[in-house]
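Colleague: Before I ask anything, here is the structure I am working with.
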Amino acid sequence: MDGLMQNWSMTLDRMLDHAARWHGEREIVSRSADGIVDRTTYAQLHGRAKQASNALIAAGIRPGDRVATLGWNSARHLEIWYGAIGIGAVLHTLNPRLFPEQIVYIINHASDRIILADPACADLLGEILPQCPSVEQVIFLGDEDWIAPHSTECAWGGFDENTAAGLCYTSGTTGNPKGILYSHRSNYLHAMMTLQADALALSARDTVLLCVPMYHANAWGVVYSAPMVGAKLVLPGQRMDGASIHELIETEGVTYSSAVPTVWQMLLTHLKETGGKLTTLQRVTVGGAACPESLIRALHDDHGVDVVQGWGMTETSPLATVSVSTPQIAALSFDEQVPYKLKQGRLLCNLDLKITDDAGQRLPHDGKTFGRLMIKGPTIAAAYFGGEGGDVLDEEGFFDTGDVSTIDTAGYMQITDRAKDVIKSGGEWISSMDVENIAVGHPKAELCAVIGVAHPKWDERPVLLVMLKPGEVAEKQEFLDFLQGKIARWWTPDDVVFVDEIPLGATGKIDKKLIRQRMAGYVLPDASAPNR
Ligand code: ADP
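Our numbering puts the first residue of the sequence shown at 2, with every later residue one more than the last.
This is the structure in structure tokens:
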């Protein structure tokens with residue numbers, strides 16, 4: 002027997018309809034690369050997005066066509082976003098920080114018909130377009146001649162909620178980029194899941210600084226969840242240095258923000274140098290890479306900001322677990338809570354999670370046994386665009402995340418490492434992630450990375466790369482002493498290498514692939530006697 006409730010297709014255009022109608026005066030603040038601040042509202046953006054829909058229709062875009070964007074976080078980007086998905090086109094976010102050849106690969110793979118680009122990307126476009134035959138038109142974001150003549154009325158939605166809404170490629174840290182094709186329903190559900198009090202907990206009273214790029218898995222869903230609750234949005238554009246971020250937080254009264262750890266590291270370095278304070282910021286979500294303890298403590302102790310760690314991947318929409326306290330953990334002192342904040346957290350409702358051995362057998366949730374992290378649910382990819390990678394689900398329908406993790410008795414998942422970054426030494430595993438996150442707590446360290454280097458006897462041994470804070474000098478031994486007692490003795494790196502730069506990938510995470518390439522000719526100091 003069917004229920005007798007109304008059929009309400011969960012299409013994403015409803016998010017902006019709702020914001021315009023019920024939070025119409027709430028502001029969206031954008032800053033361009035030259036520092037100019039532009040203010041609009043949800044109601045105004047709604048009208049502009051409808052104009053964008055009409056402009057896209059006039060340009061020949063039909064449902065299912067891929068509409069690419071190439072740009073930073075801005076209201077102009079957001080209006081095209083809703084303009085495209087409202088008429089059933091597929092919004093394909095391109096990441097301008099990728100190498101040109103990767104962008105070419107992705108555009109061709111997606112068969113994008115039109116690109117809406119930030120004017121700052123003009124040179125990049127000039128380089129890539131001759132190699133992208135599917136692209137018929139390029140329009141610069143903010144081109145008034147293209148958008149302004151059109152009506153602010155346009156019919157949105159009216160299609161099935163399983164219709165594709167967005168296409169986002171993984172940044173390719175593990176090979177060729179692969180496309181994840183979100184549906185209206187999957188992003189709608191994801192936004193509702195992330196809004197829970199025990200997740201991102203956004204509300205109408207929040208002012209959200211969106212440091213996570215819109216091209217990084219829909220800015221962790223905030224392009225949908227912020228309009229849904231009518232939060233004020235602050236879009237920082239291209240300038241993501243500590244000073245620029247700090248200024249925006251203070252002038253706009255930001256209460257909540259989300260970003261990868263390296264963004265927070267840069268902000269904290271800036272605050273230390275200038276004696277600056279965070280007077281309005283209440284909480285931040287740190288995700289995309291493991292959060293160092295030093296970051297959690299500095300934000301809490303020096304600025305009164307609560308850090309919640311989130312884990313996920315492009316394939317999981319992305320948010321799947323959050324390190325929010327259970328009542329037992331909330332009752333502990335802050336110091337006792339920190340070990341739980343360092344874990345990637347507990348599963349959002351609507352998903353299922355397991356850890357398995359290589360034969361696919363489930364492993365216990367004892368906080369010690371680690372295995373492949375597998376996930377299932379309506380916000381998890383079932384396949385890659387174009388059938389890339391073939392069948393990606395196991396017999397029970399779980400997706401293999403490529404992460405290795407434990408799950409403890411309180412239900413907290415903790416990533417040990419990415420399967421490809423784990424260092425295999427003498428038949429046992431060393432978590433490169435753990436070592437680098439402890440090392441970066443050294444007061445002289447700006448960024449640290451640990452990689453495995455081939456060793457004749459032990460297969461691999463860890464090497465620590467350190468980028469010091471500006472003006473600092475240090476001896477290798479200082480870092481080895483700092484690690485002593487904090488990690489198992491045999492995890493101690495065989496060498497410490499000081500580098501001028503730790504390269505960051507296209508989503509702001511430490512780029513281990515590039516580090517491994519750069520270290521290709523490196524030989525361990527004494528390959529016969531590891532520090533075990
Ligand atoms: P890419 O694989 O191209 O870097 P994603 O942004 O989808 O793109 O990365 C997802 C991966 O990032 C996860 O599989 C995991 O390894 C890592 N990750 C995400 N969040 C965390 C976190 N809180 N702690 C540790 N690793 C994380």
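Glycine residues also receive a C-beta, built at the ideal position from the N, C-alpha and C atoms.
Which of the three DSSP states, helix, strand or coil, is assigned to M314?
Modeller: Coil, per DSSP.
Colleague: My output table needs one value for F100: the three-state DSSP class, helix, strand or coil.
Modeller: coil
Colleague: For T208, which beta-bridge partners are listed by DSSP?
Modeller: K233
Colleague: Grab the span of the beta strand (DSSP E) containing R463 for me, first residue to last.
Modeller: A quick correction: the sequence has Pro, not Arg, at residue 463. From DSSP, the beta strand (DSSP E) with P463 extends over 460-469.
Colleague: From D113 to T171, what distance separates their C-alpha atoms?
Modeller: 17 Å
Colleague: Work out the CA separation of L515 and F100 for me, nearest whole Å.
Modeller: 12 Å
Colleague: Just how far apart, CA to CA, sit D527 and L484?
Modeller: 20 Å
Colleague: Whose CA, out of A111, T327, L95, A244, lies closest to the CA of A218?
Modeller: L95
Colleague: Once the 5 residues before and after L236 are set aside, which same chain residues still bring their CB inside 6 Å of it?
Modeller: S31, N74, S75, L211
Colleague: Return the bridge partner residues of H93 from the DSSP annotation.
Modeller: For H93, which the question treats as bridged, DSSP gives the partners A69, L168.
Colleague: Within 7 Å: the Cβ of D401 and any heavy atom of the ligand ADP?
Modeller: no
Colleague: Keeping to the same chain, check which residues put their C-beta closer than 6 Å to that of V261; ignore five residues upstream and five downstream.
Modeller: Contacts found: G289, A290, G509, K510.
Colleague: Name the DSSP bridge partner or partners of L354?
Modeller: I376
Colleague: DSSP state of C122, grouped into three classes?
Modeller: helix
Colleague: Does DSSP put T275 in a helix, in a strand, or in coil?
Modeller: helix
Colleague: Assess, as a yes-or-no matter, whether the region 184-204 is touched by the region 126-146 under the definition of 3 or more beta carbon pairs within less than 8 Å.
Modeller: no
Colleague: How far does the beta strand (DSSP E) with E397 in it reach, from first residue to last?
Modeller: No beta strand (DSSP E) holds E397; DSSP gives it neither H nor E.
Colleague: What whole-angstrom Cβ distance do L300 and G311 have, given they're in contact under 8 Å?
Modeller: About 15 Å separates the two Cβ atoms, so there is no contact after all.
Colleague: Return the residue from the list F386, Y257, G403 that minimises the CA-CA distance to R284.
Modeller: Y257
Colleague: Alpha carbon to alpha carbon, how far is L71 from A111? Give it in angstroms, no decimals.
Modeller: Spanning the two alpha carbons is a distance of roughly 14 Å.
Colleague: Please work out which residues of its chain come closer than 6 Å, Cβ to Cβ, to M16, disregarding the five sequence neighbours upstream and downstream, and give them in chain order.
Modeller: Y225, P228, M229
Colleague: Who does T286 pair with in a DSSP beta bridge?
Modeller: S259, V309
Colleague: For T270, I'd like the list of residues in its chain whose CB is within less than 7 Å of its CB, leaving aside the five on either flank, ordered along the chain.
Modeller: If we look at T270 and ignore the five residues flanking it on each side, its Cβ neighbours are G243, E447, K470.
Colleague: Considering only residues of the region 464-521, which uninterrupted beta strand (DSSP E) runs meet the minimum length of 3 residues and lie entirely inside it, listed in chain order?
Modeller: Unbroken beta strand (DSSP E) stretches of 3 residues or longer found wholly inside the region 464-521: 496-499, given in chain order.
Colleague: What are the partner residues of Y183, as DSSP defines its beta bridges?
Modeller: G167
Colleague: State the CB to CB distance for the pair S406 and Q415, rounded to an integer number of angstroms; the pair is presumed to be in contact (CB under 8 Å).
Modeller: 6 Å
Colleague: With respect to the beta strand (DSSP E) encompassing A321, which residues constitute its N-terminal and C-terminal limits?
Modeller: 320-323
Colleague: Would you kindly work out how many angstroms separate the C-alpha atoms of R373 and R363, rounded to a whole number?
Modeller: 9 Å
Colleague: Are there 16 or more other CB atoms within 10 angstroms of the CB of P150, so buried, or fewer, so exposed?
Modeller: exposed
Colleague: Given this structure, state the Cα-to-Cα distance separating Y183 from K458, to the nearest angstrom.
Modeller: 46 Å
Colleague: Let's test the definition: count the other Cβ atoms within 10 Å of the Cβ of A156 and tell me whether it reaches 16, buried, or not, exposed.
Modeller: exposed
Colleague: My guess is that G346 and S324 are in contact by the Cβ rule of under 8 Å, so how many angstroms apart are they, rounded?
Modeller: 4 Å
Colleague: With C-beta atoms as the reference, is R77 less than 8 Å away from L142?
Modeller: yes
Colleague: Is the CB-CB distance between L117 and I88 below 8 Å?
Modeller: no
Colleague: For the pair the region 118-125 and the region 46-60, tell me if three or more CB-CB distances fall below 8 Å.
Modeller: no
Colleague: Which residue's Cα is closest to the Cα of I431: E102, G412, T493?
Modeller: The candidate whose alpha carbon is nearest that of I431 is T493.
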